[in-house]
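Engineer: Here you go, one structure.
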Amino acid sequence: MVAAQPGPADALVWQCLGQRPCRLTPQELARFFHPERPQDLRLALAERLGMQNERGLQPCLALIERYGPQPELLMALGMTHQPDARAALLRYLDDPDIDRLALLRALAGWGRHVPLAVIREALQHPGQAMRLAGMELLQFHARLLTAPQLLRLAEPLLGDIRPPVAIAAIRLLQRRNEPLLAGRLAHVLQADPPEAVWEAALHALGCIGTETSVTLLLDCWLACRGTPGAVDVLHQLAAQFRHQHILRQRLEELLQEGKITVDETAALLLEVNGQDLFADGRKGDLGSDQDQPEKERSPSS
Numbered sequence: 001m002v003a004a005q006p007g008p009a010d011a012l013v014w015q016c017l018g019q020r021p022c023r024l025t026p027q028e029l030a031r032f033f034h035p036e037r038p039q040d041l042r043l044a045l046a047e048r049l050g051m052q053n054e055r056g057l058q059p060c061l062a063l064i065e066r067y068g069p070q071p072e073l074l075m076a077l078g079m080t081h082q083p084d085a086r087a088a089l090l091r092y093l094d095d096p097d098i099d100r101l102a103l104l105r106a107l108a109g110w111g112r113h114v115p116l117a118v119i120r121e122a123l124q125h126p127g128q129a130m131r132l133a134g135m136e137l138l139q140f141h142a143r144l145l146t147a148p149q150l151l152r153l154a155e156p157l158l159g160d161i162r163p164p165v166a167i168a169a170i171r172l173l174q175r176r177n178e179p180l181l182a183g184r185l186a187h188v189l190q191a192d193p194p195e196a197v198w199e200a201a202l203h204a205l206g207c208i209g210t211e212t213s214v215t216l217l218l219d220c221w222l223a224c225r226g227t228p229g230a231v232d233v234l235h236q237l238a239a240q241f242r243h244q245h246i247l248r249q250r251l252e253e254l255l256q257e258g259k260i261t262v263d264e265t266a267a268l269l270l271e272v273n274g275q276d277l278f279a280d281g282r283k284g285d286l287g288s289d290q291d292q293p294e295k296e297r298s299p300s301s
């Protein structure tokens, strides 16, 4: 492809783009675009062209025909949100020479049309930007996948040491409420990840809001008692209004198993609920039982 020389000087083009309102037509924007212009100017022209929606489609396609699938032009094509733009972008999936990252980002609004194999390839790519682009596309497929299928796709990202990657996977899993996925989020908490990842996993577990997630949050609190993180876990437990009966039941079981004391139970419930969930008298009984001689205590004490 032979590229024509740039048109007006860069400064003049910037001046035209800076006018409010900008009166440049899609055809003028396309005429000003040239691969030899500075990248930031190419990007600004492409963005403005993509914002023209249907009116920007044909100029975008003409520029790609002339200069090839430049990353900025792929982005502009995606921004038009036109079915013909989607079809053109999907055809480029078979082009081995295409800028893969730019293409996947351009397809972000049409993730459901992107083959799952392409998304899997992006998720397994070592680059952070590519993995995040794949995760963006996976959101469109997530509701169509079983919990095991979704977890297999997200697993490489959950173990990624880069917080943005792991957090993206965590936020996707929190939209589902299956026990398998809640359990995997709890495992993230136990793996001593970076602070931002730990906080995201804790928040996700709290957002799921099921009986399973409440139990897992309590297990997490037991594991981190005495640490600063225990306070954050209590905040999440306090938000589980629909499942306070599960919390109470589990605490009673832990008391019977000797894994938690009466004082710890009372303190936890005070923090979580602002009141005594054992107000029916059982706490008093447990407290009295604690003061009884050893021989009079029940086996569960």
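The sequence shown begins at 1 in the UniProt record's numbering and counts up by one.
Virtual Cβ for every residue (Gly too), placed ideally from N, Cα, C.
(1) Mind checking which residues open and close the alpha helix (DSSP H) that includes Gln139?
(2) In the DSSP assignment, find the unbroken alpha helix (DSSP H) run with His81 in it and report its ends.
(3) Just mark Ile167 as buried or exposed, buried being the case when its beta carbon has 16 or more other beta carbons within 10 Å.
(4) Quick one: grab the DSSP three-state call for Glu252.
(5) DSSP on Arg176, reduced to helix/strand/coil?
(6) Please state if the CB of Leu217 and the CB of Leu205 are separated by a distance shorter than 7 Å.
(7) Check whether the segment 63-71 touches the segment 24-40, counting contact only when three or more Cβ pairs, one atom from each stretch, lie closer than 8 Å.
(8) Out of Gly134, Leu181, Asp192 and Gly56, which has the shortest C-alpha to C-alpha gap to Ser213?
(9) Near Gln124, what residues of its chain come up, given a Cβ to Cβ distance below 7 Å and the 5 sequence neighbours on each side ignored?
(10) Terminal residues of the continuous alpha helix (DSSP H) containing Arg42?
(11) Buried or exposed for Gln236, please, with buried defined as at least 16 other CB atoms from any protein chain shown within 10 angstroms of its CB.
(12) List the endpoints of the continuous alpha helix (DSSP H) containing Tyr67.
(13) Can you tell me which of Pro59, Ala76, Phe241 and Ala266 puts its alpha carbon nearest to the alpha carbon of Glu252?
(14) Assuming contact is defined by CB atoms lying nearer than 7 Å, are His243 and Glu211 in contact in what I supplied?
(15) Can you name, in chain order, every residue of its own chain whose Cβ lies under 6 Å from the Cβ of Met130, other than the five neighbours on each side?
(16) What are the start and end residues of the alpha helix (DSSP H) that includes His235?
(17) In angstroms with no decimal places, state the Cα-to-Cα distance between Cys22 and Gln15.
(18) What's the gap between the Cα of Gly50 and the Cα of Leu43?
(19) Could you tell me whether the Cβ atoms of Pro163 and Ala196 are closer together than 7 Å?
(20) At the level of alpha carbons, what is the spacing between Cys207 and Gln174?
(21) Which same chain residues, not among the five before or five after Arg20, have their C-beta less than 8 Å away from its C-beta?
(22) Count the other CB atoms, across all protein chains shown, that sit within 10 Å of the CB of Gln82; report buried if there are 16 or more and exposed otherwise.
(23) Do Ala154 and Ala169 have their C-beta atoms within less than 7 Å of each other?
Structural biologist: Checking against the coordinates, here is how it stands:
(1) The sequence position of residue 139 within the sequence shown is 139, counting from 1. Looking at the DSSP string, Gln139 is not in any alpha helix (DSSP H), and its letter there is neither H nor E.
(2) Locating residue 81 in the sequence shown gives position 81, where the first residue counts as 1. Careful: His81 lies outside any alpha helix (DSSP H) and carries neither H nor E.
(3) For the purposes of this step, residue 167 is identified with residue 167 of the sequence shown, where counting begins at 1. Per the 10 Å Cβ criterion, buried.
(4) Position 252 of the sequence shown holds residue 252. Helix.
(5) Counting from one through the sequence shown, the residue named residue 176 turns up at place 176. Here Arg176 sits in coil by DSSP.
(6) As a working note, residue 205 is residue 205 in the sequence shown. As a working note, residue 217 is residue 217 in the sequence shown. Yes. Within cutoff.
(7) yes
(8) Taking the sequence shown and counting its residues from 1, one reaches residue 213 at position 213. The candidate whose alpha carbon is nearest that of Ser213 is Leu181.
(9) What you label residue 124 is simply residue 124 of the sequence shown in a count that begins at 1. Hits under 7 Å: Pro156.
(10) By 1-based counting over the sequence shown, the position of residue 42 is 42. Gln39 to Gly50 is the span of the alpha helix (DSSP H), which, as asked, contains Arg42.
(11) Along the sequence shown, read from residue 1 onward, the residue named residue 236 stands at position 236. Buried, since its Cβ has 16 or more Cβ neighbours within 10 Å.
(12) Residue mapping note: residue 67 aligns to position 67 of the sequence shown, counting from 1. Note, Tyr67: alpha helix (DSSP H), Glu54 to Tyr67.
(13) For the purposes of this step, residue 252 is taken as the residue at position 252 of the sequence shown. Measuring from the Cα of Glu252, the nearest candidate turns out to be Ala266.
(14) Translated into the one-based positions of the sequence shown, residue 243 becomes position 243. Translated into the one-based positions of the sequence shown, residue 211 becomes position 211. Yes.
(15) Here residue 130 refers to the residue found at position 130 of the sequence shown. Result list for Met130: Leu101 and Ala122, in chain order.
(16) Walking along the sequence shown from the start, residue 235 turns up at place 235. That run of the alpha helix (DSSP H) goes Gly229 to Ala238.
(17) Translated into the one-based positions of the sequence shown, residue 22 becomes position 22. Translated into the one-based positions of the sequence shown, residue 15 becomes position 15. Distance between the alpha carbons of Cys22 and Gln15 is about 10 Å.
(18) Along the sequence shown, read from residue 1 onward, the residue named residue 50 stands at position 50. Along the sequence shown, read from residue 1 onward, the residue named residue 43 stands at position 43. Looking at the two C-alpha atoms, the distance is approximately 10 Å.
(19) Counting from one through the sequence shown, the residue named residue 163 turns up at place 163. Counting from one through the sequence shown, the residue named residue 196 turns up at place 196. Cβ atoms of Pro163 and Ala196: closer than 7 Å.
(20) Sequence index remark: in the sequence shown, residue 207 carries index 207 (1-based). Sequence index remark: in the sequence shown, residue 174 carries index 174 (1-based). Approximately 7 Å between the Cα atoms of the pair.
(21) Indexing the sequence shown from 1 puts residue 20 at position 20. Counting only Cβ-Cβ distances below 8 Å, and skipping sequence neighbours, we find nothing.
(22) Translated into positions along the sequence shown, residue 82 becomes position 82. Per the 10 Å Cβ criterion, buried.
(23) In the sequence shown, counting from the first residue as 1, residue 154 sits at position 154. In the sequence shown, counting from the first residue as 1, residue 169 sits at position 169. Yes, the pair counts as a contact, with Cβ atoms nearer than the cut-off.
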